[in-house]
Amino acid sequence: MTMRSIIWKELRERPTAMIASLLAIVLSVTALVAIRNVTIFSEKEVAGKLDKLGANVLILPKGVTLQDYYSADMQAETIPEEHVAELALSGLTGVEAISPKLCVPITIEGRNVILTGILPQAEVQKMASWQGGMLFKKHEGCKAKINVVDEKSDAPEALAERRSLQDLGENEVILGSDYAATNGLAPGDSLELLGEKFAVLTTLPETGTVDDGRVFAHLHTVQRLTKSGEVVNIIEVVGCCEDVANGLVSKMQTILPDTKIVTIANVVETQISINRMMTNLSYLFLAILIAVGGASMASASFANVIERRREIGTLMALGATPRFVTQLFLAKAVLLGLAGGLTGYIVGSVLAVFLGPAFADVSVLPIPSLALVAAGTAVLVTLIASYFPARQAAKLDPCICFKEV
Amino acid sequence: MFKFSASVLHKRKGIPLLVICAFATTFTGVGTAQEVQRVASLSKVETSRAAASKQNKYTFIMFWKNQDDATKAMWNNLQQNLSDKTDKTTVVAVNTNDPAEANLVKEYGVSRAPMPLTLALAPNGAITGSFVKQINADYIDQSFVSPAKSRCMLTLQSRKMVLLCVSPAANAQMPKGVENFKSIPCYKDVVEVVTLSAGESAEASFLKELEVPQQNNYTTVVFMAPPGVMVGKYTGSVTQDQLIAELKKAGKSCGVDGCKHCK
């Protein structure tokens, strides 16, 4: 009889003990895999949203909450557009793009639309380039961004990705994909808005956001047509992260004391803390289940050694060395660990795929690298849990075993 | 006399010459008329600016909306500090609500800027200083820049890159790497080469700011990109590959595509 055949025979003959041991391992690994899977995809989702947002600093009216901002950037409160120039002319290092917006709900042919006024970057950059002092700053890491004429990044379609636009005429509009599709409008068509004719400059690709239903026009045109005055709802700023982390926001607050300035770090803090909590929870689950699974495994192994004293004694009487007996028990543990780990990975991944969208609002896919972590952890736990029972078995005296029989 | 002239012209095949002259005169006349029309359409301040530019003078334009204390203080400061510089400066005030100056307000995009706002314009049109709500003698002095610096600033303000070549002697050859870079199709229209001699006394302060030694045996190339970033500085030889690599590195700095390490 080889070691393999002995192990298989043992597992087949005592399936209940095996399943009990396996279940504890499977449960602990399942919890670990499912929680880690959802957490990882949730973090990716946050990073993706950040990329889409583009801006990492938001300047809002004092009384406006982030909830108002996320509900289509709409709020009754406004701030003077003058703040845009104040910021651009301040020469603050690390301010790379300033995008003011004014959102006004209007009705076009019986349909409610959000008319969004945006200021072309060319008009803001013009002011930023008047700061001669910046001329001699050596470009280092993230300290300043160059802004050379570039057909691709200057194209109106870049609005969808960059949330800012290089040029936009006062009689031009850009349409969100849904709005364009619903109204059958294409670039070059004309559109009547609040009594004035506009040329459709381009239509944006689908973004899956509220932008799909918007009509974008020049900020000054929107202000004039809606009689809003020289105000904006929000100023989105792309700030160099290093500078944002090193006091840029406080400098901006000094320049614009009557505004609320929040960073994306504040915005996503809640999401990040939830992720952190879930990660910690997954580790806690893992620790508890490892303890339970390990204890269960150790107990099953000890019981197994006691029940199999006669067989172990016989094996040793037939010439099996203590080393062989130890290896026998440890190999069984590795086998159980591997099976438990991989089963846990599969069950955990399936759970995450189904529960991710329902509970965390994120699409989850299996992460193959977690299979290694799951199997490795499970094998380690079963090995540790089986080590002492295996040692005990190896120390058995065959003569005493036979005497007991 | 006429007979003589005509016969002379005829003998020397002068008729075609006369026709050419007539055409030339006609077109020059049209050109002049267009210029006259253009000048006539200029506002008062635009005319002052154009005249100052011709006379190699700086123009200080103060934009204002209300005659409040800040506006009065800024105007007084400008008058006081520029009274002894009338040979090289012109000061004008523009009410942003004045329809006659609407083009100027639009040109600088200051209709929604905080007021009063003063812009200092070099003779070449580069904006060498912008001052919001307050101005003082130091700020004004900083607005006067060297010819090379104002050329660099104007280029950068046009969203173009600058390759400033500081050579040890006048009429030195442009470095090969710069020449090659300038000839690359995708860069040729967005880069301007500015050359100057390290010995030019007028450029001493500019070179000091750039930390380029005036006593140098080699040409120094300073690579700048809009809005005003120094992309690189090279002493001695520089290759087009070096310039491209540095530009690409600078382009990946931050913003939407960059900064991912921060997230």
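Top line first, the protein sequences correspond to chains A and B.
Note that this note's numbering numbers the first sequence so that position 292 is 294, with each residue one more than the last.
Note that this note's numbering numbers the second sequence so that position 10 is 7, with each residue one more than the last.
Note that the Cβ used here is the ideal one computed from N, Cα and C, for glycine as well.
In this text the structure is predicted, and so the values were computed from the model without any measurement.
Taking Cβ positions only, does residue i come closer than 9 Å to chain B?
i             : result
residue 229/A : no
residue 103/A : no
residue 128/A : yes
residue 91/A  : yes
residue 83/A  : yes
residue 220/A : no
residue 125/A : yes
residue 47/A  : no
residue 132/A : yes
residue 174/A : no
residue 232/A : yes
Cutting at 8 Å between CB atoms, please list the residues of its own chain near residue i, excluding the five before and the five after it.
i             : result
residue 42/A  : 369
residue 224/A : 104, 106, 117, 118, 119 and 230
Given a threshold of 16 other Cβ atoms within 10 Å of its Cβ, counted over all protein chains shown, does residue i qualify as buried or as exposed?
i             : result
residue 5/A   : exposed
residue 172/B : buried
residue 132/A : buried
residue 10/A  : exposed
residue 24/B  : The pLDDT assigned to residue 24/B is 48, lower than 50, so where the model puts this residue is not dependable; a value taken from the coordinates is nonetheless given after this. With fewer than 16 Cβ atoms within 10 Å of its Cβ, residue 24/B is classed as exposed.
residue 171/A : exposed
residue 53/B  : exposed
residue 94/B  : exposed
residue 174/B : buried
residue 325/A : exposed
residue 292/A : buried
residue 182/B : exposed
residue 161/B : buried
Does the Cβ-Cβ distance between residue i and residue j come in under 9 Å?
i             : j             : result
residue 176/A : residue 202/A : yes
residue 121/A : residue 222/A : yes
residue 98/A  : residue 296/A : no
residue 288/A : residue 34/A  : yes
residue 383/A : residue 321/A : no
residue 209/B : residue 159/B : no
residue 346/A : residue 31/A  : yes
residue 303/A : residue 335/A : yes
residue 206/B : residue 144/B : no
residue 262/B : residue 49/B  : Here chain B comprises residues numbered -2 to 260, so residue 262/B is not present and cannot be evaluated.
residue 141/B : residue 91/B  : no
residue 284/A : residue 38/A  : yes
residue 100/A : residue 66/A  : no
residue 194/B : residue 169/B : yes
Does the beta carbon of residue i sit closer than 9 Å to a beta carbon anywhere in chain A?
i             : result
residue 172/B : no
residue 76/B  : no
residue 110/B : yes
residue 215/B : no
residue 181/B : no
residue 241/B : no
residue 107/B : yes
residue 211/B : no
residue 129/B : yes
residue 154/B : yes
residue 132/B : no
residue 126/B : yes
residue 101/B : no
residue 196/B : no
residue 116/B : yes
residue 165/B : no
residue 225/B : yes
I believe residue i touches residue j by the beta-carbon criterion, under 8 Å. Please report the beta-carbon distance rounded to the nearest angstrom.
i             : j             : result
residue 45/B  : residue 87/B  : 6 Å
residue 327/A : residue 396/A : 4 Å
residue 207/A : residue 179/A : 6 Å
residue 400/A : residue 318/A : 4 Å
residue 1/A   : residue 391/A : Summary: the structure shown does not reach residue 1/A, with chain A confined to residues 3 through 407, and so no result is reported for it.
residue 216/B : residue 164/B : 5 Å
residue 102/A : residue 232/A : Contact flag wrong, Cβ pair sits at about 11 Å.
residue 84/A  : residue 63/A  : Their Cβ separation, rounded to whole angstroms, is 14 Å, which puts residue 84/A and residue 63/A out of contact at 8 Å.
residue 115/B : residue 71/B  : 6 Å
residue 251/A : residue 236/A : With a Cβ gap of about 15 Å, residue 251/A and residue 236/A do not count as contacting.
residue 89/A  : residue 266/A : Not really, about 17 Å apart at Cβ, beyond 8 Å.
Can you give me the Cβ contacts of residue i inside the same chain, cut-off strictly under 7 Å, excluding the 5 residues immediately before and after it?
i             : result
residue 225/B : 153
residue 173/A : 200 and 201
Counting only C-beta atoms, is residue i closer than 9 Å to chain E at any point?
i            : result
residue 86/A : Among the protein chains of the structure shown, namely A and B, there is no chain E.
Excluding the 5 residues flanking residue i on each side, which residues of the same chain have their C-beta closer than 6 Å to its C-beta?
i             : result
residue 36/A  : 350, 353 and 354
residue 18/B  : With a pLDDT of only 48 at residue 18/B, under 50, the local geometry of the prediction cannot be trusted, and no value is derived from it.
residue 134/B : 78
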